[in-house]
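What follows is a set of notes on a single structure, which appears directly below.
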Amino acid sequence: MKTKLLIISAALLMSIFSYGQTEKNVPSVVKSSFTQKFPKATNVKWAKENDKEWEAEFKMDGRNYSANFDNTGAWMETEYKISANEIPGAVKTAIAKEFVSYKTDASEVSETAKGKVYEFVLSKGEEKMEAVFDPNGKLIKKLTIKEENEKEEK
5 MKTKLLIISA ALLMSIFSYG QTEKNVPSVV KSSFTQKFPK ATNVKWAKEN
55 DKEWEAEFKM DGRNYSANFD NTGAWMETEY KISANEIPGA VKTAIAKEFV
105 SYKTDASEVS ETAKGKVYEF VLSKGEEKME AVFDPNGKLI KKLTIKEENE
155 KEEK
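Just so we're aligned, residue 5 is where the sequence shown starts under this note's numbering, counting upward by one.
The following block contains the structure:
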């Protein structure tokens with residue numbers, strides 16, 4: 005139990021420090037790319053994801069977003085949560101067919117240069133799954149979410 009508490013505390017501390025990055029630490033090329041891609045963004049908070057990647061969390065058009073850029077300023081990904089009525093019909097149909105009796109716990113859109121996908125956390129009793137669909141309802145990836153946030157690809 006003490007080990008678990010220590011691990012959780014360390015993870016929290018690391019996330020606090022990573023989100024403590026001030027805008028002055030973000031490379032100017034990254035900030036410039038961000039401003040160009042998201043000119044309406046407000047309340048921008050920066051974090052260094054790893055040695056090669058920066059993440060901006062921000063608000064735009066009344067919605068919370070996160071966007072990732074590499075150190076050269078190249079945009080990598082944008083994510084935002086969506087409501088049930090924003091899920092395309094083909095994706096809803098595919099979820100109902102593939103995950104009978106599962107409940108949707110979370111849903112978000114992930115956009116990259118390759119296109120847009122819909123990511124879901126689904127649950128049925130104690131079982132939790134992460135599922136990723138393309139806009140046409142094709143299942144791209146399915147993972148079992150294990151205790152302590154471990155994921156197993158299926």
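Think of the CB as a built atom: it goes at the ideal place given N, C-alpha and C, for glycine as much as any other residue. In this text the structure is predicted, and so the values were computed from the model without any measurement.
- Ranked by how close their Cα comes to the Cα of L126, the residues P31, N140, K150 have K150 in first place.
- Of all alpha-carbon atoms in A60, N47, F42, G93, the one lying nearest the alpha-carbon of V30 is that of A60.
- For G141, there is no enclosing beta strand (DSSP E), as DSSP marks it with neither H nor E.
- By the neighbour-count criterion, in which a residue is buried when 16 or more other Cβ atoms sit within 10 angstroms of its Cβ, I144 is exposed.
- Of the residues V33, S111, K128, the one whose Cα lies closest to the Cα of S87 is S111.
- Residue range 107-116 is occupied by the beta strand (DSSP E) that includes E112.
- Per DSSP, reduced to three states, the secondary structure at I149 is strand.
- Distance from the Cα of D138 is smallest, within the candidate group K132, K146, E131, for K146.
- In this chain, the beta strand (DSSP E) harbouring K85 covers 79-85.
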